[in-house]
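Going down the list, the sequences are from chains A and B. Here the first sequence stands for residues 1 to 114, numbered as in my numbering. Here the second sequence stands for residues 115 to 1002, numbered as in my numbering. To start, the structure itself, in structure tokens.
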Amino acid sequence: MRDTTFERELHKGSAEMLILSLLEDGQRHGYDIAKIIGQRSEGHLSFHIASLYATLYRLERRGLIQGRWVEKPDVRRRRYYRITPAGRKVLAAQRSRWEQFIAALTRIARLRSA
Amino acid sequence: MGETRTFKEEVRSRLARLGLPPDRERDIVEELAQHLEARCADLVRAGRPEAEARRIVVDEISGHEAWAQLSERRAPDPSRLGEAGTGSALSRVWGDVRFGARLLRRHPAFTAVAALTLALGIGANTAIFTVVNAVMLRPLPFADADRLVNVYETNLARGWSSFSASQPNFLDWRAAAKGFERLAAWSGQSFSVSADGAPELVDGIAATDGFFPLLGVTPALGRNFLPEEDRPGGARAAILGHGFWLRRFGGDPAVVGKTIVLTDAPHTIVGVLPASFGWGDAQIYVPLAPDPQGRRGDHRLNVMGRLGPGVTLDRARAEMVAIARGLEQSFPDTNAGWSAALEPTFDAAVPEQIRRALLLLLAAAALVLLIATSNVANLSLARAAARQREIAIRVALGAGRGRIVAQLLVEALLLALGAGLVGLLVALGATQALRAVGTGIPRMDEISIDARVIGFALLVSSLAGILFGVVPALQAARRNAGGTLALTDGRLGGARVRGRLRGALIIAEVALSVALLWGAGLLIRSFALLRDVPTGFDPTRVLTLRLDLSAARYPTGAEVWSFYDRVLAEVRTQPGVAGAGAVSLVPLGGGGNTASSLRIDGRGDGGRLPSTDWRIASPGYFRALGIPLRGREFDARDGAGAPPVAIISEEAARRYWPGEDPLGKKVVIESFGRDPATIIGVAGDVKSFGLDGPARPMVYGSQAAYAGWRRFSLVVRTQADPSTQVASIRAAIAAVDPGVPLADVDTAEALVERSLGARRFHMVLLGCFAAVALALACVGLGGVMGYLVSQRTREIGVRMALGARPRDIFALIVGHGMLLAGIGAAIGVAGALWLTRVLESLLFGVTPTDLLALAGAVALLVSVCAVACYVPARRAMRVDPMRALRCE
């Protein structure tokens, strides 16, 4: 059975940060984003397609990323996403919160294993 | 297998139920289908056969829940709650509402259990409030009903504080009183209506012409009585009640001006009342035509007044007392000792005792809701544990304490309001049942759900929502404010705090349940004792029915007696009849004041004794009803012209002839006349007015004693089920005079049961509340113990590994549960000792500290709690130590 715990967490915020950080250094399309997350997490993280695009659309609605259809000759048009300045700001804020959060987790985990 | 669908079709079919705008849907379908094609192509590139790759992709996109996220109407992501300054406060609340609704939908089991529990509590409260609203809060259904007062005559020396008025006194009041906009009098009367051959006895009233204007009622058809109709010898007019008009005249609008024969006298129908008007069972109204030449000592009228503008009750009362004092001086013979008293009509219609009892029941319902609320709070606490990670992440993302609390509260309120709606439905059903049970409560027919009831349900739901929402919410916020401890799965401090809270909630539930059970126990005991009270007669297999003879048909006393003699003789010859008699008012059948003064020659104060109730009884009455008698019954010797005789009750004998044998003594019963009557018998005491009061002294006169009395109840003792005898008795009466209608056909047992109506209402309701409370407390305790067992699995495993036997584990868990129950019971007993004092007025034969009721309540609760602990304890016994330890 698929472990959905992580996915649930993704809905709750980390997914947004992951997406924003992947878009930090260039525009990507949805499948690209999913693939990179899968590869870099060595298969531990996976998105349900609907969750992924729901998150993308939501970020877009909030003006943190911008999606647009790109048409090239001989290739089907594709939708690419890029991060906005507002998105960079939120990403920075979320990063620092997650760092604190993970630090706290680690501290507690160490306490317990000691 | 059918045709393989394209990825576009796969996506489109999943989006279909989201109701997206067509353009938007087309874009999404294109983008997602591309994604899936790319994924499929990658799989094929990795070496999968095309078909298998497709299947994998289709498999990966299953799951309704995930697709729902693509709905454009969806709630904001919880993480957004952390962002300061997004949107207005209103849109944030709306977001909370939608988010809460989604969460509740996602946990249908929790939502259903919590909502049903609450709905039960809210329903109970709303149902009782519906009664309170109809009976106590709504004004009487008349214009400016709070200005209406009842006016009584009083004779405090004889113990009469609210007596009927006499006709001349009423007329003098009406002429003299300035503090009233209007004074009107009425008196109950029944009419024999003989349409279509069969005569029917219809209840009605005779009222003065001011009666309808006083109540602010205008006839729907025709007109009110004219002043000239309301005088002795005035034209005979009648106004019909709406129901009677529909039933007997088919709602004929041309009925005004027609003639109706009422008790052998033709009356002109002058009006029809609106459907909204009702006055007890009255269906026909005639002018009272009070007679200024009538007897001042003959008190039969009910008097009502409407206070004049700006006139206070006290001022009007002072005025009436002054007028009565003037009458006392003018007519010392009849009015000496008589004064006047006022009471708001509402207070008379809804007696203090009823109001107190209803408020008590409302309080009991509130306790049930408190118990339901603690159960839901407990459930929420358990869920809070499961939601710690979610909350922790939201806090990590910067959601403030206020936002978390607000979100949890909104969720709780949402749940509570949903439960409130279901509760309203519960109440709707319950009020139907209440109406059936509440035979002893006034105004039960006015019960309906109105805006106030709905407002009450909303208010109660919101309060309950806040109550059960605030505990887990504050707890969550407090824990999370300190950092991210919550992510440790509740095995550190948080769990202990929650454990204590849950324990406290259970203790509170048990305490409240004990109080309710105890109260219910007291009422049940009272009811049982009351039913065992000897009525003084034997009600088994006795039929009673009422006859009323018209003065036109039976003008003289002799004719009346002859009629009843013949009817009784005829009835007694019917097969299956064991005995028959007649009495002016049947015990426990209701009826007006029948008080008379007694005078015994040679006693001080002119020989006058306090008031005594009187009845007129036919020969055979005592035997038919099974009332024990010393001396002899009335018989043929006591007919017209014979020397007056009387039978008195044991209580009268004890009171007025203490230490003497009253047989053969003489007494003047003023209501019957001035000649002394010889006491020929002493009858056993009969509970004529209710089982809960002491037996009042009673004197019985023979039919010869009161020539003007035409209205008697027949009492027929039968050998088999009395209801099978109705037809033959009806035939026996018709054989004597087919024109005499009968009414109020009943069994004596039904009369006894009905006299217990209000008490049964209280007992049944409080009993239901106690049962619900008990069930809720049991479920709550079981739930908490089950949760505890799951929390302590590791500890139990360790204990077992160290040699504890399953028996010890069982004892440990049950012991823990029973400790909670014990503490709760102790607190409940202490609280109830104080609380049950308010029950005192509803009790009969038991004191609030009745040990049997107390012991019963505690024993019942403890055994139910033991059962509630049993299941989790059994589970604990079966814990596998190895598995439990491996969990870590």
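Cβ atoms here follow ideal geometry from the backbone N, Cα and C, with glycine treated the same way.
- Within the same chain, Cβ atoms closer than 6 Å to the Cβ of W300 of chain B are found at I319, A321, F325, N416, the five residues on either side in sequence being excluded.
- At a Cβ-Cβ threshold of 8 Å, S869 of chain B and T658 of chain B do not count as neighbours.
- Per DSSP, the continuous beta strand (DSSP E) segment holding P380 of chain B begins and ends at 379-386.
- In this structure, E314 of chain B lies away from P852 of chain B, with their beta-carbon atoms at least 8 Å apart.
- Counting along the chain, V976 of chain B sits inside the alpha helix (DSSP H) bounded by residues 965-991.
- For I49 of chain A, the nearest CB of chain B lies under 8 Å from its own CB, placing it at the interface with that chain.
- Per the coordinates, the alpha-carbon of V893 of chain B lies some 35 Å from the alpha-carbon of A180 of chain B.
- A290 of chain B and I437 of chain B have their C-alpha atoms spaced approximately 7 Å apart.
- In the DSSP assignment, E42 of chain A falls outside any beta strand (DSSP E), carrying neither H nor E.
- Pairing S763 of chain B with I783 of chain B, the inter-Cα distance amounts to about 14 Å.
- When DSSP reads this structure, M899 of chain B sits in no beta bridge, so it has no partner.
- Counting only runs of 3+ residues, the beta strand (DSSP E) found wholly inside the region 339-415 of chain B occupies 351-354, 373-376, 379-386, 398-401, in chain order.
- With distances taken between CA atoms, A666 of chain B lies nearest to B:S306 out of B:I236, B:E442, B:V207, B:S306.
- For W274 of chain B, DSSP records a beta bridge to B:N269.
- Taking 8 Å as the CB threshold, H221 of chain B stays off the interface with chain A.
- Here the alpha carbons of L528 of chain B and D428 of chain B stand approximately 50 Å from one another.
- Chain-ordered, the chain A residues with CB closer than 7 Å to the CB of A152 of chain B read Y31.
- For F677 of chain B, there is no enclosing beta strand (DSSP E); the residue is found in the alpha helix (DSSP H) stretching over 671-686.
- Across the set B:L132, B:L134, B:E145, B:A818, the C-alpha of B:E145 shows the shortest separation from the C-alpha of F121 of chain B.
- Against chain A, the CB of I175 of chain B has a partner CB under 8 Å away; the residue lies at that interface.
- With fewer than 16 other CB atoms across the displayed protein chains lying within 10 angstroms of its CB, D25 of chain A is exposed.
- The C-beta of E466 of chain B has fewer than 16 other C-beta atoms within 10 Å across all chains shown, which makes the residue exposed.
- Judged by their CB atoms, S488 of chain B and A533 of chain B are not nearer to each other than the 8 Å cut-off.
- Going by beta carbons, G30 of chain A and R79 of chain A fall inside the 8 Å limit.
- Judged by pairs of C-beta atoms under 8 Å, the region 259-269 of chain B touches the region 403-418 of chain B, as three or more such pairs exist.
- At a cut-off of 8 Å between beta carbons, R76 of chain A contacts chain B.
- At a cut-off of 8 Å between beta carbons, Y80 of chain A makes no contact with chain B.
- Taking the C-beta atoms as reference points, H149 of chain B is found nearer than 8 Å to I49 of chain A.
- In the three-state reduction of the DSSP assignment, K780 of chain B falls in the strand class.
- Going by beta carbons, G336 of chain B and G385 of chain B fall inside the 8 Å limit.
- Within chain A, the C-beta atoms nearer than 9 Å to that of I142 of chain B come from Y53, Y57, in chain order.
- Sequence-distant Cβ neighbours of C983 of chain B in its own chain, meaning closer than 6 Å and more than five residues away, are M899, V928, G931.
- In the same chain as T225 of chain B, and ignoring 5 residues on each side of it, the C-beta atoms closer than 6 Å to its own belong to L218, in chain order.
- Looking at the DSSP output, K72 of chain A shares a beta bridge with A:V75.
- In this structure, V903 of chain B places its C-beta atom within 8 Å of the C-beta atom of R989 of chain B.
- At a cut-off of 8 Å between beta-carbon atoms, A167 of chain B makes no contact with chain A.
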